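Asker: Be aware that the sequence shown starts at 0, since it is given in numbering that gives the first Met the number 0, and climbs by one per residue. Idealized CB from N, CA, C, for every residue including glycine. No experiment lies behind these values; they were computed from the predicted model shown.
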Amino acid sequence: MSCILLCVDILFVCDETYDIADLYDRIVTNSPTSTIPGEKPIIQRIEVPLTFDAEFFQKLQDEVEILESLQVGEQKALVGEISALSNDMTALAKPSRFRKTDLYRWRELFEIYLQAMVFFSTHELDHGSRNSGSAAKQLQWFQSEIMRRGIISSFKLPASRQAFERFVNINITLLRNLKFQEINQTAISKILKKFDKRTHLGAQSKFPKLIGSAITMSEDMAKAVCSQLSQELIKKVPQLDDYMCPICFTIAWRPVRMACKHILCISCAVTLQRKRQRFCPLCRGDVILKADADNIDSEVENFIEKYFPKEAREKRIAVETERGKEQFGESYKHPSEQRCVVM
(Lines of atoms letter the chains of each structure in order from A; the text may use other names.)
(Lines give C-alpha, C1' and ligand atoms only; values in the text may rest on other atoms or scores of the structure.)
Protein backbone atom coordinates (compact mmCIF):
# COMPACT_ATOMS: atom_id res chain seq x y z
CA MET A 0 0.00 0.00 0.00
CA SER A 1 1.29 3.43 -0.92
CA CYS A 2 0.57 6.77 0.63
CA ILE A 3 0.67 10.31 -0.69
CA LEU A 4 1.86 13.40 1.14
CA LEU A 5 -0.10 16.62 1.35
CA CYS A 6 2.07 18.64 -1.04
CA VAL A 7 -0.25 19.30 -3.97
CA ASP A 8 -3.18 21.61 -4.51
CA ILE A 9 -5.65 18.84 -5.27
CA LEU A 10 -5.44 15.44 -3.59
CA PHE A 11 -7.24 12.35 -4.84
CA VAL A 12 -7.96 9.41 -2.58
CA CYS A 13 -9.57 6.54 -4.47
CA ASP A 14 -12.54 8.24 -6.13
CA GLU A 15 -13.00 11.14 -3.65
CA THR A 16 -11.55 14.60 -4.35
CA TYR A 17 -10.48 16.98 -1.60
CA ASP A 18 -9.59 20.60 -2.15
CA ILE A 19 -6.54 21.83 -0.27
CA ALA A 20 -8.65 24.48 1.48
CA ASP A 21 -10.96 21.84 2.97
CA LEU A 22 -8.03 19.85 4.26
CA TYR A 23 -6.47 23.03 5.64
CA ASP A 24 -9.66 23.83 7.55
CA ARG A 25 -9.73 20.32 9.00
CA ILE A 26 -6.14 20.56 10.09
CA VAL A 27 -6.68 23.99 11.66
CA THR A 28 -9.69 22.73 13.56
CA ASN A 29 -7.81 19.73 14.97
CA SER A 30 -4.46 21.49 15.50
CA PRO A 31 -3.31 23.39 18.57
CA THR A 32 -3.70 27.13 18.20
CA SER A 33 -0.67 29.34 18.08
CA THR A 34 0.22 31.49 21.07
CA ILE A 35 1.44 34.38 18.91
CA PRO A 36 -1.32 36.79 17.89
CA GLY A 37 -1.95 37.02 14.14
CA GLU A 38 0.12 33.92 13.33
CA LYS A 39 -1.52 31.14 11.35
CA PRO A 40 -2.01 27.84 13.09
CA ILE A 41 0.77 25.24 12.70
CA ILE A 42 0.04 22.87 9.78
CA GLN A 43 0.61 19.25 10.61
CA ARG A 44 1.85 16.66 8.12
CA ILE A 45 -0.79 14.10 7.20
CA GLU A 46 -0.63 10.92 5.07
CA VAL A 47 -3.60 9.76 3.05
CA PRO A 48 -3.40 6.06 2.04
CA LEU A 49 -4.24 4.97 -1.52
CA THR A 50 -5.88 1.66 -0.87
CA PHE A 51 -6.33 0.45 -4.43
CA ASP A 52 -3.12 1.56 -6.22
CA ALA A 53 -1.47 -1.87 -5.89
CA GLU A 54 -4.61 -3.52 -7.20
CA PHE A 55 -4.68 -1.08 -10.12
CA PHE A 56 -1.13 -1.84 -11.23
CA GLN A 57 -1.57 -5.57 -10.73
CA LYS A 58 -4.66 -5.58 -12.90
CA LEU A 59 -2.90 -3.53 -15.60
CA GLN A 60 0.07 -5.89 -15.51
CA ASP A 61 -2.25 -8.89 -15.87
CA GLU A 62 -3.83 -7.32 -18.95
CA VAL A 63 -0.40 -6.77 -20.50
CA GLU A 64 0.50 -10.41 -19.86
CA ILE A 65 -2.72 -11.48 -21.58
CA LEU A 66 -1.72 -9.39 -24.61
CA GLU A 67 1.72 -11.02 -24.64
CA SER A 68 0.23 -14.52 -24.58
CA LEU A 69 -2.17 -13.54 -27.35
CA GLN A 70 0.74 -12.30 -29.42
CA VAL A 71 2.63 -15.57 -28.90
CA GLY A 72 -0.38 -17.49 -30.22
CA GLU A 73 -0.77 -15.25 -33.26
CA GLN A 74 2.95 -15.41 -34.00
CA LYS A 75 2.92 -19.20 -33.77
CA ALA A 76 0.01 -19.39 -36.22
CA LEU A 77 1.77 -17.11 -38.70
CA VAL A 78 5.02 -19.07 -38.50
CA GLY A 79 3.10 -22.29 -39.14
CA GLU A 80 1.42 -20.79 -42.20
CA ILE A 81 4.77 -19.58 -43.53
CA SER A 82 6.29 -23.05 -43.11
CA ALA A 83 3.37 -24.66 -44.94
CA LEU A 84 3.58 -22.15 -47.79
CA SER A 85 7.34 -22.67 -47.97
CA ASN A 86 6.86 -26.39 -48.57
CA ASP A 87 4.43 -25.67 -51.41
CA MET A 88 6.79 -23.07 -52.87
CA THR A 89 9.47 -25.73 -53.37
CA ALA A 90 7.36 -27.37 -56.07
CA LEU A 91 6.04 -24.15 -57.60
CA ALA A 92 9.47 -22.56 -58.10
CA LYS A 93 11.33 -25.73 -59.01
CA PRO A 94 13.26 -25.49 -62.30
CA SER A 95 11.78 -27.58 -65.09
CA ARG A 96 13.04 -28.64 -68.50
CA PHE A 97 9.65 -28.25 -70.10
CA ARG A 98 9.16 -24.72 -68.72
CA LYS A 99 6.24 -25.85 -66.58
CA THR A 100 7.41 -23.69 -63.74
CA ASP A 101 6.76 -20.25 -62.27
CA LEU A 102 10.34 -19.74 -61.09
CA TYR A 103 10.92 -16.44 -62.89
CA ARG A 104 7.51 -15.06 -61.95
CA TRP A 105 8.03 -15.79 -58.26
CA ARG A 106 11.52 -14.32 -58.48
CA GLU A 107 10.13 -11.10 -59.89
CA LEU A 108 7.35 -11.08 -57.29
CA PHE A 109 9.75 -11.49 -54.37
CA GLU A 110 12.07 -8.88 -55.86
CA ILE A 111 9.20 -6.37 -55.80
CA TYR A 112 8.35 -7.39 -52.24
CA LEU A 113 11.92 -6.78 -51.11
CA GLN A 114 11.86 -3.39 -52.80
CA ALA A 115 8.62 -2.51 -51.00
CA MET A 116 10.22 -3.08 -47.55
CA VAL A 117 6.73 -3.37 -46.07
CA PHE A 118 7.53 -3.68 -42.37
CA PHE A 119 11.18 -2.59 -42.20
CA SER A 120 13.13 0.02 -44.14
CA THR A 121 16.85 0.14 -44.87
CA HIS A 122 16.75 3.62 -46.38
CA GLU A 123 18.86 6.25 -44.69
CA LEU A 124 15.99 8.67 -44.15
CA ASP A 125 13.45 6.23 -42.67
CA HIS A 126 15.46 3.19 -41.60
CA GLY A 127 14.05 0.87 -38.98
CA SER A 128 10.64 -0.64 -38.32
CA ARG A 129 7.54 0.94 -39.84
CA ASN A 130 4.31 1.74 -38.04
CA SER A 131 1.05 0.20 -39.22
CA GLY A 132 0.14 3.21 -41.38
CA SER A 133 3.39 3.20 -43.34
CA ALA A 134 3.35 -0.60 -43.62
CA ALA A 135 -0.18 -0.49 -45.06
CA LYS A 136 0.93 1.99 -47.75
CA GLN A 137 3.92 -0.16 -48.71
CA LEU A 138 1.80 -3.31 -48.87
CA GLN A 139 -0.70 -1.50 -51.07
CA TRP A 140 2.14 -0.40 -53.37
CA PHE A 141 3.38 -3.99 -53.60
CA GLN A 142 -0.04 -5.29 -54.61
CA SER A 143 -0.53 -2.50 -57.13
CA GLU A 144 2.87 -3.13 -58.70
CA ILE A 145 2.13 -6.85 -58.99
CA MET A 146 -1.12 -6.12 -60.79
CA ARG A 147 0.49 -3.49 -63.02
CA ARG A 148 3.12 -5.95 -64.24
CA GLY A 149 0.54 -8.68 -64.78
CA ILE A 150 2.46 -11.28 -62.81
CA ILE A 151 -0.61 -13.03 -61.43
CA SER A 152 -2.20 -13.47 -64.84
CA SER A 153 1.05 -14.88 -66.24
CA PHE A 154 1.29 -17.73 -63.72
CA LYS A 155 1.45 -21.08 -65.49
CA LEU A 156 0.48 -23.18 -62.48
CA PRO A 157 -2.97 -22.69 -60.87
CA ALA A 158 -1.45 -23.44 -57.47
CA SER A 159 0.73 -20.33 -57.81
CA ARG A 160 -2.33 -18.06 -57.67
CA GLN A 161 -3.49 -19.75 -54.47
CA ALA A 162 -0.01 -19.46 -53.01
CA PHE A 163 0.07 -15.74 -53.80
CA GLU A 164 -3.24 -15.21 -52.00
CA ARG A 165 -1.85 -17.02 -48.96
CA PHE A 166 1.28 -14.88 -49.09
CA VAL A 167 -0.77 -11.67 -49.14
CA ASN A 168 -2.98 -12.93 -46.31
CA ILE A 169 0.10 -13.55 -44.16
CA ASN A 170 1.15 -9.94 -44.64
CA ILE A 171 -2.36 -8.63 -43.96
CA THR A 172 -2.59 -10.68 -40.76
CA LEU A 173 0.76 -9.37 -39.59
CA LEU A 174 -0.36 -5.82 -40.40
CA ARG A 175 -3.55 -6.25 -38.36
CA ASN A 176 -1.59 -7.57 -35.40
CA LEU A 177 0.77 -4.62 -35.66
CA LYS A 178 -2.17 -2.21 -35.63
CA PHE A 179 -3.73 -4.05 -32.69
CA GLN A 180 -0.54 -3.77 -30.65
CA GLU A 181 -0.21 -0.06 -31.44
CA ILE A 182 -3.76 0.53 -30.18
CA ASN A 183 -2.95 -1.30 -26.96
CA GLN A 184 0.25 0.68 -26.57
CA THR A 185 -1.67 3.95 -26.87
CA ALA A 186 -4.33 2.72 -24.45
CA ILE A 187 -1.79 1.76 -21.76
CA SER A 188 -0.03 5.10 -22.14
CA LYS A 189 -3.30 7.00 -21.75
CA ILE A 190 -4.33 4.95 -18.72
CA LEU A 191 -1.06 5.71 -16.92
CA LYS A 192 -1.22 9.35 -17.95
CA LYS A 193 -4.72 9.71 -16.54
CA PHE A 194 -3.65 7.92 -13.37
CA ASP A 195 -0.73 10.34 -12.98
CA LYS A 196 -3.03 13.30 -13.51
CA ARG A 197 -5.32 12.15 -10.71
CA THR A 198 -2.75 10.96 -8.18
CA HIS A 199 0.56 12.68 -9.11
CA LEU A 200 2.37 9.39 -8.44
CA GLY A 201 4.48 9.55 -11.61
CA ALA A 202 3.41 6.11 -12.79
CA GLN A 203 4.69 6.66 -16.32
CA SER A 204 8.23 7.19 -15.07
CA LYS A 205 8.09 4.65 -12.25
CA PHE A 206 6.54 1.86 -14.28
CA PRO A 207 8.19 2.10 -17.73
CA LYS A 208 8.04 -1.68 -18.09
CA LEU A 209 4.31 -1.54 -18.71
CA ILE A 210 4.75 0.93 -21.58
CA GLY A 211 7.97 -0.66 -22.83
CA SER A 212 6.45 -4.12 -23.05
CA ALA A 213 3.59 -2.80 -25.16
CA ILE A 214 6.04 -1.10 -27.52
CA THR A 215 8.37 -4.07 -27.92
CA MET A 216 5.56 -6.61 -28.42
CA SER A 217 4.66 -5.32 -31.89
CA GLU A 218 8.31 -4.85 -32.93
CA ASP A 219 9.35 -8.33 -31.76
CA MET A 220 6.48 -9.98 -33.58
CA ALA A 221 7.16 -8.11 -36.82
CA LYS A 222 10.87 -8.97 -36.66
CA ALA A 223 10.22 -12.65 -35.95
CA VAL A 224 7.64 -13.11 -38.71
CA CYS A 225 9.63 -11.11 -41.30
CA SER A 226 12.74 -13.13 -40.47
CA GLN A 227 10.74 -16.32 -40.98
CA LEU A 228 9.48 -15.01 -44.32
CA SER A 229 13.01 -14.28 -45.46
CA GLN A 230 14.58 -17.52 -44.24
CA GLU A 231 11.93 -20.05 -45.21
CA LEU A 232 9.99 -18.51 -48.07
CA ILE A 233 11.86 -15.88 -50.04
CA LYS A 234 15.10 -17.88 -50.07
CA LYS A 235 13.25 -20.72 -51.77
CA VAL A 236 13.60 -18.59 -54.90
CA PRO A 237 17.27 -17.57 -55.37
CA GLN A 238 17.68 -13.89 -56.22
CA LEU A 239 19.92 -12.70 -59.03
CA ASP A 240 21.65 -10.11 -56.84
CA ASP A 241 23.18 -12.89 -54.75
CA TYR A 242 24.97 -14.40 -57.76
CA MET A 243 26.22 -11.34 -59.61
CA CYS A 244 29.85 -10.58 -60.36
CA PRO A 245 30.92 -7.62 -58.18
CA ILE A 246 32.87 -6.08 -61.08
CA CYS A 247 30.59 -6.22 -64.13
CA PHE A 248 27.32 -6.62 -62.16
CA THR A 249 26.05 -9.43 -64.37
CA ILE A 250 25.54 -13.09 -63.56
CA ALA A 251 28.78 -14.77 -62.47
CA TRP A 252 28.85 -17.28 -65.33
CA ARG A 253 31.77 -19.73 -64.98
CA PRO A 254 32.35 -18.47 -61.43
CA VAL A 255 35.99 -18.24 -60.33
CA ARG A 256 36.41 -18.55 -56.57
CA MET A 257 39.59 -16.83 -55.50
CA ALA A 258 41.73 -17.93 -52.56
CA CYS A 259 40.09 -15.12 -50.53
CA LYS A 260 36.68 -16.82 -51.19
CA HIS A 261 35.34 -13.97 -53.34
CA ILE A 262 33.71 -15.01 -56.64
CA LEU A 263 34.22 -13.29 -59.99
CA CYS A 264 32.91 -14.24 -63.39
CA ILE A 265 35.51 -15.80 -65.66
CA SER A 266 35.48 -12.84 -68.02
CA CYS A 267 36.42 -10.34 -65.31
CA ALA A 268 38.98 -12.72 -63.83
CA VAL A 269 40.73 -13.11 -67.20
CA THR A 270 40.62 -9.34 -67.80
CA LEU A 271 42.30 -8.65 -64.44
CA GLN A 272 45.00 -11.24 -65.15
CA ARG A 273 45.71 -9.73 -68.54
CA LYS A 274 46.18 -6.36 -66.89
CA ARG A 275 48.56 -8.03 -64.41
CA GLN A 276 46.50 -6.88 -61.46
CA ARG A 277 47.40 -8.93 -58.41
CA PHE A 278 44.94 -7.75 -55.80
CA CYS A 279 41.30 -8.70 -55.28
CA PRO A 280 39.11 -5.64 -55.92
CA LEU A 281 37.04 -6.44 -52.82
CA CYS A 282 39.52 -7.35 -50.08
CA ARG A 283 42.83 -6.38 -51.73
CA GLY A 284 44.21 -9.87 -51.24
CA ASP A 285 47.09 -10.98 -53.47
CA VAL A 286 45.07 -13.71 -55.23
CA ILE A 287 44.22 -12.72 -58.82
CA LEU A 288 47.36 -13.94 -60.60
CA LYS A 289 47.34 -17.18 -58.60
CA ALA A 290 43.93 -18.27 -59.93
CA ASP A 291 43.70 -20.96 -62.65
CA ALA A 292 41.18 -23.42 -64.05
CA ASP A 293 41.02 -25.27 -60.73
CA ASN A 294 39.47 -22.18 -59.14
CA ILE A 295 36.26 -22.51 -61.16
CA ASP A 296 33.52 -23.41 -58.68
CA SER A 297 31.62 -26.20 -60.44
CA GLU A 298 28.98 -26.43 -57.69
CA VAL A 299 28.02 -22.75 -58.00
CA GLU A 300 28.23 -23.03 -61.79
CA ASN A 301 25.71 -25.89 -61.85
CA PHE A 302 23.45 -23.97 -59.47
CA ILE A 303 23.51 -20.91 -61.74
CA GLU A 304 22.79 -22.99 -64.82
CA LYS A 305 19.85 -24.59 -63.02
CA TYR A 306 18.17 -21.56 -61.44
CA PHE A 307 19.27 -18.79 -63.82
CA PRO A 308 19.24 -20.43 -67.27
CA LYS A 309 18.26 -17.28 -69.19
CA GLU A 310 20.86 -15.05 -67.54
CA ALA A 311 23.57 -17.72 -67.89
CA ARG A 312 22.81 -18.14 -71.59
CA GLU A 313 22.93 -14.37 -72.19
CA LYS A 314 26.24 -14.08 -70.36
CA ARG A 315 27.71 -17.03 -72.24
CA ILE A 316 26.73 -15.50 -75.58
CA ALA A 317 28.21 -12.14 -74.53
CA VAL A 318 31.53 -13.72 -73.50
CA GLU A 319 31.75 -15.85 -76.65
CA THR A 320 30.92 -12.83 -78.80
CA GLU A 321 33.68 -10.81 -77.15
CA ARG A 322 36.20 -13.59 -77.77
CA GLY A 323 35.04 -13.95 -81.37
CA LYS A 324 35.58 -10.25 -82.02
CA GLU A 325 39.08 -10.51 -80.57
CA GLN A 326 39.89 -13.37 -82.97
CA PHE A 327 37.93 -12.49 -86.11
CA GLY A 328 37.35 -8.74 -85.88
CA GLU A 329 34.46 -6.43 -85.03
CA SER A 330 32.27 -7.87 -87.77
CA TYR A 331 31.99 -11.18 -85.93
CA LYS A 332 28.51 -12.26 -84.90
CA HIS A 333 27.58 -15.03 -82.56
CA PRO A 334 25.80 -18.02 -84.19
CA SER A 335 22.75 -17.32 -82.05
CA GLU A 336 22.42 -13.91 -83.75
CA GLN A 337 22.61 -15.28 -87.27
CA ARG A 338 19.52 -16.34 -89.15
CA CYS A 339 19.32 -19.62 -91.02
CA VAL A 340 19.38 -19.18 -94.80
CA VAL A 341 17.99 -21.81 -97.13
CA MET A 342 20.19 -22.09 -100.24
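#1: Beta-carbon separation of W252 and I303 under 8 Å?
#2: Where does F327 fall in DSSP's three states?
#3: Do S120 and R129 have their CB atoms nearer than 8 Å?
#4: Can you give me the start and stop residues for the alpha helix (DSSP H) that I169 sits inside?
#5: Please look up how many angstroms separate the CB atoms of I286 and C279, rounded, as I've assumed it's under 8 Å.
#6: Select from M243, D101, K178, E313 the residue whose C-alpha is nearest the C-alpha of C264.
#7: Closest by CA to P334, which one among F327, Q161, T320, I145?
#8: When burial is assigned at 16 or more other CB atoms within 10 Å of the CB, is E336 buried or exposed?
#9: Would you kindly report the start and end of the unbroken alpha helix (DSSP H) that includes A134?
#10: Whose C-beta lies closer than 8 Å to the C-beta of L84 among residues of the same chain, with five residues either side of it excluded?
#11: Smallest Cα separation from A258: which of S266, Q238, K309, R283?
#12: Is it buried or exposed for D101, if we count other Cβ within 10 angstroms and need 16 for buried?
#13: Please state the DSSP three-state secondary structure of D87.
#14: Helix, strand or coil for R96 per DSSP?
#15: Taking the DSSP output, what are the residues bridged to L263?
#16: With F327 and I250 assumed to form a contact (beta carbons below 8 Å), what rounded beta-carbon distance in angstroms separates them?
Answerer: Short version:
#1: yes
#2: helix
#3: yes
#4: In the DSSP assignment, I169 falls within the alpha helix (DSSP H) that extends over 157-198.
#5: Reading off the sequence shown, one finds Val at residue 286, where the question assumed Ile. Confirmed, Cβ separation roughly 5 Å.
#6: M243
#7: T320
#8: exposed
#9: Looking at the DSSP string, the run of the alpha helix (DSSP H) that includes A134 is 131-148.
#10: A162, R165, F166, I169, L232
#11: R283
#12: So D101 counts as buried.
#13: For D87, the three-state secondary structure derived from DSSP is helix.
#14: coil
#15: V255
#16: Cβ-Cβ separation between F327 and I250: approximately 25 Å, too far for a contact (criterion under 8 Å).
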